[in-house]
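Number of protein chains: 2
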Amino acid sequence: MAPMNLARIARKQLKLTSPARQSVRSRSTRAASTCPLPIPPDRPHFPCVEAHAARESRILSSSLPHHRRKPTSESDPSSSSSSSNSGPEVPYSRPSPTSYKTYHHTKPMELTYALPLPEFDLAYETWGTLSPNKDNVILLHTGLSASSHAASSDLNPTEGWWEKFIGPGKALDTTQFFIICTNVLGGCYGSTGPSSIDPTNGQPYATCFPVLSVFDMVRSQFCLLDHLGIDKLYASVGSSMGAMQSLAAGWLFPERVGKIVSISGTARSSPSAIAMRFAQRSVLMADPNWNNGFYYEGLPPHTGMKLARQIATITYRSGPEWDQRFGRKVRPVNQVERPLSILSDPEPTTPSGRKLPRIPALCPDFLIETYLDYQGEQFCLKYDANSLIYISKAMDLFDMTASSISSLNLTPPVPRTSPPPLPPSLASHPSSPSHLAYHSQISHSKHHPPPANPPPHLPDLAEGLMPLSNTPVLILGVQSDILFPVEQQREVADALRMAGNGMVSYYELGGVWGHDTFLLDVQNVGGAIRGFLS
Amino acid sequence: MAPMNLARIARKQLKLTSPARQSVRSRSTRAASTCPLPIPPDRPHFPCVEAHAARESRILSSSLPHHRRKPTSESDPSSSSSSSNSGPEVPYSRPSPTSYKTYHHTKPMELTYALPLPEFDLAYETWGTLSPNKDNVILLHTGLSASSHAASSDLNPTEGWWEKFIGPGKALDTTQFFIICTNVLGGCYGSTGPSSIDPTNGQPYATCFPVLSVFDMVRSQFCLLDHLGIDKLYASVGSSMGAMQSLAAGWLFPERVGKIVSISGTARSSPSAIAMRFAQRSVLMADPNWNNGFYYEGLPPHTGMKLARQIATITYRSGPEWDQRFGRKVRPVNQVERPLSILSDPEPTTPSGRKLPRIPALCPDFLIETYLDYQGEQFCLKYDANSLIYISKAMDLFDMTASSISSLNLTPPVPRTSPPPLPPSLASHPSSPSHLAYHSQISHSKHHPPPANPPPHLPDLAEGLMPLSNTPVLILGVQSDILFPVEQQREVADALRMAGNGMVSYYELGGVWGHDTFLLDVQNVGGAIRGFLS
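Sequence lines, in order, name chains A and B.
Using this note's numbering, the first residue of the first sequence is number 3, and each one after it goes up by one.
Using this note's numbering, the first residue of the second sequence is number 3, and each one after it goes up by one.
Spelled out as structure tokens, the structure:
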């Protein structure tokens, strides 16, 4: 057959009457469809593909309740869907305002890459009791997609994302510290982000929202601290993107941050991590429902979100864990895709008499596949797609090398000269033996040997981290982490030491949990934090 | 605002008049569109998203010439677009039949997971001269997406995918060996695959094509060898999926395979590699144009293919290479996405007088992003989407553990008892000193110490590999490979040794090229092959 001409192809396209084709295409074209049309009996059908159309039907038939209902947990009883009272309703965001506090910042705030944001909200929660001197505050920073709900509280009794690390006697000890956690600027769980209403036109910002930096996120958090009358943090603590914020807080406000905890983070996003996040943004932005970010009045890009989360999930754990957990096991019940006549035969055999094995499916079949599919499915209606794009981009942009920071035209702060803070239990006994022991302990890394194979950018990074040279820093990395590999943890520790910081504590953990170790390894991660903070 | 009801949402969906929305949606709905409609001036626009619609327009306006023209190389002068003369034209496949030979197998061939394939074609090319005894044959197996065109030849003078490794004095020395390379069964470059015509109904198989195994691919190649009168291979050589085929060849036909070369492959696909290939299949199958695999009369899922290739590319190189090659460099010319008034100001400043830095783009901006974008763009119209799905699935299914093989109901072959073949140069002098030296050399690994941390499935794998216990095997791995990590290379070598194979040569390479090292490192990869084959 000769190549088809334009008119013929167009005709073919427009004439397409295959129900299979219609059912797949329906998700972007036939908005009122309630279920996919049947596939012809002689053709395979793919439950994993039909799931996209079926999900869209469910969203439509339930008037988008799914992603309005639950911000952080499937069983959060405090959520409601009626928190917004002006402008079009924003999907995903706005858990019940009774489940967290909101700080309204009514003045313009400078941004790294854009003109000032005219105003913003910051959702936050707290645990523990603020001391009279307001000197026991820990600012806990979140990773990419977490809400302010790090742990259960009176306002919201559902389990939080760091439940096992926050409480009496835990890593962040609520009998000793007052812990604050915010939903980051750019997020969708109560803080201002792309799904929020732009006060200048009453519409959601969508992609008119300015590109953010991690520095912007931190600056907004310090506006909240100002509002709360908290001059100085006892510590800034974070994992993953939270670790970036933790380091940025110490850089922006060296006089206001007592100690820094950076777990599985980095001070300079690597091209390989950028690549993994780029792949996520790409599949999301290619979803026709994304619509250049202007989807808030219609269907969200739920398929793109699911695919993006599948990719992200691959980077959160490790191959060894999957081998232990799933190996090469397949789903127990075979997913029947293929309308071959052999499927009606319970024990099909070939003409030579060989019994055919279980027929593999092209849709998720191995348990590792059904796991990734499930993770994507769980996430795709719980988080705002534009928030994912903006916040993952902020992570990519994060680079504390001196050359990068100077290109931002920020004014580098002057390193503080005051000594690091004492833990509350020691603060009143400055010359006690335990005080001296404490100082000798945090200085243990002063004579750390220089790194064996330093990356070429290490001196540049050390120069950029100079404002942190007098702040005690805990760097903790995980050897099975493929997203923030242990080489990057060593890099941060080495750069800080090169910058003259003699108070760097550095730990590497083994285990197979990869990047997610910070959510799972209470004993080792929690232990290191407790030791460092005490 | 209260949640919207179904009718209201449907109305909103159907009423959408935003040109931006239309332009993005057009790729699946308005087939005859020639270019995207303009974006409103107050909204950002995203060149990377518009590229999908623009590509579709180009495909339509040029009557799909792009993916009909060139199978293996942009500059292949031997290709033509009129090679198919019956049934609907198949996109992508069928380079000019004059650029390769085709073996037509006219009898049914047994398949691992399905009823026999009634007939098939296998495209192949050869280099060097077949010896009178037909004892100098090397069967070269390809990776996932390669054609039979491994090197230039009289039939097709364009550069092949392993050009630097094939020729006089090269790793596969054409003055000594007769080299055969096929396009694998399931492929789209001349061999039968999902894009081929099903003889039972005259239509492309599409996803009615049976699920394939790597064993099926190899069995089809041995049908070709039978046809050529070649009883025994001097060696079976392959990298990546080619290494799987190379091992499978030795397993299926131990008496017909003299030596085995396995580079950056595996004998048991790991869940992490399955995860990466699953992510690729998922984005592809979610493209509405995929249409359950029945896209051959319409538009191919070019966007899904581009996204899939971006993900694949991440697994082909390594983080250290990207850091050396791209670092955090951004594209020199800023991609203007945002219609903010500041963009008309060449040096925008904030109210506080700070000069704003370069505004980052949400579309590809870092060089690592533009690199991945380019790789996806280059590939998306050069390969058949269904071939990618079927062949990547065959890779996932590959598992030579005894328990897996026994579940396939294949008859395990009996290990051969004859000695390994001699290189042609030594074959006539069985008692010469060089012959003895050769035997001592290939046996160097007989007393290899047992592995330190063997994976639990190692004994099962060793049992499965028993048919290879008398075949000399070269295993070569690369320490920076994240897709087939070096642990898997050690695993194959350890399992072979555990199976009693005393002729295992094992090498690990350093360097930063990751999985693609087998395409790039002529000196080390080529040197190891030459040494092993000589």
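Glycine included, each C-beta is placed from N, C-alpha and C at the ideal position.
Can you grab the Cα-Cα spacing for the pair residue i / residue j, in whole Å?
i: glycine 130 (chain B); j: leucine 117 (chain B); result: 37 Å
i: glutamate 91 (chain A); j: aspartate 325 (chain A); result: Low confidence applies here, because glutamate 91 (chain A) scores a pLDDT of 34, under 50, leaving its location unreliable; read the following figure in that light. So the alpha carbons of these two residues sit roughly 44 Å apart.
i: valine 139 (chain A); j: alanine 56 (chain B); result: 53 Å
i: proline 303 (chain B); j: lysine 384 (chain B); result: 12 Å
i: leucine 141 (chain A); j: phenylalanine 224 (chain A); result: 10 Å
i: leucine 522 (chain A); j: arginine 360 (chain B); result: 39 Å
i: histidine 437 (chain A); j: aspartate 228 (chain A); result: Because the pLDDT at histidine 437 (chain A) is just 41, under 50, the model does not fix this residue reliably, and the point stays unresolved.
i: serine 320 (chain B); j: proline 487 (chain B); result: 11 Å
i: histidine 47 (chain B); j: valine 338 (chain B); result: 8 Å
i: isoleucine 370 (chain B); j: arginine 330 (chain B); result: 8 Å
i: serine 30 (chain B); j: valine 51 (chain B); result: Unreliable positioning characterises serine 30 (chain B) in this predicted model, as indicated by a pLDDT of 38, which lies under 50. The coordinate reading is nonetheless provided below. Going by the C-alpha atoms only, they are around 13 Å apart.
i: tryptophan 164 (chain B); j: alanine 152 (chain B); result: 5 Å
i: serine 536 (chain B); j: threonine 315 (chain A); result: 46 Å
i: serine 150 (chain B); j: glycine 162 (chain A); result: 55 Å
i: proline 350 (chain B); j: serine 408 (chain A); result: 17 Å
i: serine 75 (chain B); j: glycine 306 (chain B); result: Confidence at serine 75 (chain B) is low in this model, with a pLDDT of 36, below 50, so the placement of that residue is unreliable and no value is reported for it.
Residues of chain A with CB under 7 Å from residue i, in chain order?
i: glutamate 371 (chain B); result: Ile276, Phe280
i: valine 514 (chain B); result: Within chain A, no residue comes near valine 514 (chain B); the closest Cβ sits about 11 Å away, beyond 7 Å.
i: phenylalanine 328 (chain B); result: Pro273
Using only alpha-carbon positions, find the residue among the options that is nearest to residue i.
i: alanine 538 (chain A); options: A:Ser248, A:Leu470, A:Cys225; result: Outside the displayed range of chain A (3 to 536) lies residue 538 (chain A), so it cannot be described from this structure.
i: alanine 148 (chain B); options: B:Ala251, B:Tyr126, B:Thr268, B:His229; result: B:Tyr126
i: tyrosine 105 (chain B); options: B:Ile484, B:Cys183, B:Trp164; result: B:Cys183
i: serine 193 (chain A); options: A:Ser222, A:Gln178, A:Cys210, A:Thr202; result: A:Ser222
i: glycine 528 (chain B); options: B:Pro120, B:Ala173, B:Glu121; result: B:Ala173
i: isoleucine 232 (chain B); options: B:Leu132, B:Ser241, B:Pro206; result: B:Leu132
i: methionine 468 (chain A); options: A:Asn291, A:Gly252, A:Asp137; result: A:Gly252
i: leucine 390 (chain B); options: B:Cys365, B:Lys308, B:Phe368, B:Pro362; result: B:Lys308
i: aspartate 44 (chain B); options: A:Ser155, A:Trp163, A:Phe211, A:Arg60; result: A:Phe211
i: alanine 269 (chain A); options: A:His54, A:Ser59, A:Trp515, A:Leu460; result: A:Leu460
i: methionine 500 (chain B); options: B:Val524, B:Pro457, B:Met287; result: B:Pro457
Against residue i, what residues of chain A qualify as contacts under a CB-to-CB distance less than 8 Å, listed in chain order?
i: histidine 47 (chain B); result: Asn294
i: alanine 56 (chain B); result: Per Cβ cutoff of 8 Å: no residues; alanine 56 (chain B) is ~13 Å from chain A at best.
i: proline 359 (chain B); result: Thr114, Tyr115, Ser409, Leu410, Asn411
i: phenylalanine 368 (chain B); result: Pro273, Ile276, Phe280, Asp398
i: valine 51 (chain B); result: Met287, Ala288, Trp292, Asn294
Anything in chain B within Cβ reach of residue i, meaning under 8 Å, just list it in chain order.
i: tryptophan 324 (chain A); result: Ser272, Pro273, Ser274, Ala277
i: lysine 395 (chain A); result: Pro362, Leu364
i: glutamine 312 (chain A); result: Phe280, Ala281, Ser284
Can you tell me whether residue i sits near the ligand NAD, meaning its C-beta is under 8 Å from at least one heavy atom of the ligand?
i: serine 238 (chain B); result: Absence of the ligand NAD is noted for the structure shown, with no ligands found whatsoever.
List the residues of chain A that residue i touches, going by C-beta distances under 9 Å, in chain order.
i: glutamate 112 (chain B); result: Thr352, Pro353, Ser354, Arg356
i: cysteine 1 (chain B); result: As shown, chain B starts at 3 and ends at 536. That puts residue 1 (chain B) outside it, with no answer to give.
i: leucine 374 (chain B); result: Ala277, Phe280, Ala281, Ser284
Between the beta-carbon of residue i and the beta-carbon of residue j, is there less than 9 Å?
i: phenylalanine 381 (chain A); j: serine 271 (chain A); result: no
i: tyrosine 298 (chain A); j: asparagine 291 (chain A); result: no
i: threonine 473 (chain A); j: glycine 267 (chain A); result: no
i: valine 494 (chain A); j: leucine 249 (chain A); result: yes
i: isoleucine 313 (chain B); j: alanine 281 (chain A); result: yes
i: methionine 243 (chain A); j: leucine 113 (chain A); result: no
i: glycine 240 (chain A); j: histidine 107 (chain A); result: no
i: glycine 466 (chain A); j: methionine 397 (chain A); result: no
i: leucine 476 (chain B); j: isoleucine 199 (chain B); result: no
i: proline 366 (chain A); j: aspartate 375 (chain A); result: yes
i: glycine 128 (chain B); j: isoleucine 61 (chain B); result: The sequence shown places threonine at residue 128 (chain B), rather than the glycine named in the question. No, these two residues do not count as a Cβ contact at 9 Å.
i: leucine 478 (chain A); j: alanine 530 (chain A); result: yes
i: asparagine 213 (chain B); j: arginine 340 (chain A); result: It is worth fixing the name first, because residue 213 (chain B) is valine in this sequence and not asparagine. Yes, they are a contact pair.
Applying a beta-carbon distance threshold of less than 7 Å, which residues of chain B neighbour residue i?
i: threonine 305 (chain A); result: Ala288
Taking a Cβ distance cut-off of 9 Å, strictly less, list which residues of the stretch 397–416 of chain A are near chain B, in chain order. Asp398, Leu399, Asp401, Thr403, Ser406, Ser409, Leu410, Asn411, Leu412, Thr413
Mind checking the stretch 108–133 of chain A against chain B and listing, in chain order, the residues whose C-beta falls within less than 9 Å of any C-beta there? Pro110, Glu112, Leu113, Thr114, Tyr115, Ala116, Leu117, Pro118
Please name the residues in the stretch 198–214 of chain B whose beta-carbon is closer than 7 Å to at least one beta-carbon of chain A, in chain order. Thr209, Cys210, Val213
Output needed in chain order: residues of the stretch 250–272 of chain A with a Cβ under 8 Å from some Cβ in chain B. Arg270, Ser271, Ser272
Any residues in the stretch 453–464 of chain B with a beta carbon nearer than 8 Å to a beta carbon of chain A? Which ones, in chain order? Pro457, His459
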